Amino acid sequence: MGTWGHKPFENDTAADFAGDLDGALQSERVEMLRATLASVANDASSHVDGGSAEMAIAAAALVAWRTEGGGEFQSEVCGPSCDIPDIPKEVISLAVDAVSRLLVKDNDLWDDRSQEGDGEEWLAMLQRLRSTLSKESTTPQESLW
């Protein structure tokens with residue numbers, strides 16, 4: 005696992021995911037985010053693999069992109085350069101569930117990051133990401149009429 009910081013895109017797996025998003029059609033990007041988040045949020049196994057966790061954190065950061073405070077989780081260097089379409093509320097909720105699942109400590113990424121020098125910064129970032137997403141997932145949608 006190549007990491008160089010504590011932010012969502014400061015690892016090889018997330019940078020590769022950003023490249024995959026850049027290579028995808030705009031119409032496919034929300035589904036890519038949804039599938040990545042669901043792979044962690046809906047994982048019934050007792051342990052989440054590190055690569056899946058890194059991709060889910062990157063996807064959650066992109067979901068948070070347009071929310072108040074969501075800019076903190078972006079990267080000018082390693083994140084995708086493509087446009088991200090509007091994110092449906094159910095995908096925001098899935099992002100909250102995925103990040104919450106990763107805060108339970110039962111995953112390879114937690115095991116690795118908690119032993120690194122920036123482990124506390126990484127954990128604090130993950131908690132802020134969940135908080136930012138949680139605020140957005142509970143905001144009522146505007147009325148269409």
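Each number in the working numbering corresponds to the 1-based position in the sequence shown with 4 added.
Even for Gly, the Cβ is constructed at its ideal location relative to N, Cα and C.
Note that the coordinates shown come from a computational prediction; the quantities given were computed from them, not determined experimentally.
task = Indicate whether Gln78 and Ala99 have their beta-carbon atoms separated by less than 9 Å.
result = The residue you call residue 78 lines up with position 74 of the sequence shown. The residue you call residue 99 lines up with position 95 of the sequence shown. In this structure, Gln78 lies away from Ala99, with their beta-carbon atoms at least 9 Å apart.
9 Å Cβ cutoff met for Gly54 and Asp116 = Residue numbering aside, residue 54 sits at position 50 when the sequence shown is read from its first letter. Residue numbering aside, residue 116 sits at position 112 when the sequence shown is read from its first letter. The Cβ atoms of Gly54 and Asp116 sit closer than 9 Å to each other.
inquiry  = Going by DSSP in three states, Ser147 sits in which element: helix, strand or coil?
reply    = Taking the sequence shown and counting its residues from 1, one reaches residue 147 at position 143. Caution is warranted here: a pLDDT of 33 is assigned to Ser147, below 50, making its placement in the model unreliable, and the coordinate value is therefore given only provisionally. When secondary structure is reduced to three states using DSSP, Ser147 falls in the coil class, being assigned neither helix nor strand.
request  = Use the C-beta contact count for Lys11: other C-beta atoms within 10 angstroms, 16 or more gives buried, fewer gives exposed.
outcome  = On the sequence shown, position 7 is the one that residue 11 refers to. By the Cβ-count criterion, Lys11 is buried, with 16 or more other Cβ atoms from all chains shown falling within 10 Å of its own Cβ.
task = May I ask which residues mark the beginning and end of the alpha helix (DSSP H) holding Leu37?
result = In the sequence shown, counting from the first residue as 1, residue 37 sits at position 33. 30-45 is the extent of the alpha helix (DSSP H) around Leu37.
query = Taking the C-alpha atoms as reference points, what is the distance between Leu148 and Val95?
reply = For this step, residue 148 is matched to residue 144 along the sequence shown. For this step, residue 95 is matched to residue 91 along the sequence shown. Reliability of the predicted coordinates at Leu148 is poor, the pLDDT of 30 falling under 50, and the value obtained from them is presented with this limitation in mind. Approximately 20 Å, taken between the alpha carbons.
ask   = Would Arg70 be called buried (16 or more neighbouring beta carbons within 10 Å of its own) or exposed?
value = As a working note, residue 70 is residue 66 in the sequence shown. Exposed: under 16 other Cβ atoms inside 10 Å.
Continuous alpha helix (DSSP H) stretch holding Ala18: start and end = As a first step, residue 18 must be located in the sequence shown, where it is residue number 14. Its alpha helix (DSSP H) spans residues 16-27.
task = Taking Ala60 as the reference, give the member of Ser97, Ala19, Val44, Glu14 with the closest Cα.
result = Within the sequence shown, residue 60 is the residue found at index 56, counting from 1. The residue with the shortest Cα to Cα distance from Ala60 is Val44.
Under 9 Å between C-beta atoms of Glu14 and Cys82 = Stepping through the sequence shown from its first residue, residue 14 is reached at position 10. Stepping through the sequence shown from its first residue, residue 82 is reached at position 78. Taking 9 Å as the cut-off, the Cβ atoms of Glu14 and Cys82 count as close.
task = Please name the residue or residues paired with Thr7 in a DSSP beta bridge.
result = Indexing the sequence shown from 1 puts residue 7 at position 3. Thr7 pairs with Asn15.
inquiry  = Tell me the DSSP secondary structure of Val81 in three-state form.
reply    = As a working note, residue 81 is residue 77 in the sequence shown. Coil.
Buried/exposed call for Val108, threshold 16 Cβ in 10 Å = Along the sequence shown, read from residue 1 onward, the residue named residue 108 stands at position 104. That one is exposed.
query = Of all the beta strand (DSSP E) runs that stay within the bounds of the region 102-127, which reach a length of 3 or more residues?
reply = You should have found no qualifying run.
key: Rounded separation between Asp112 and Glu35 - CA only   = In the sequence shown, the residue the question calls residue 112 occupies position 108. In the sequence shown, the residue the question calls residue 35 occupies position 31. For Asp112 and Glu35, the distance between alpha carbons rounds to 25 Å.
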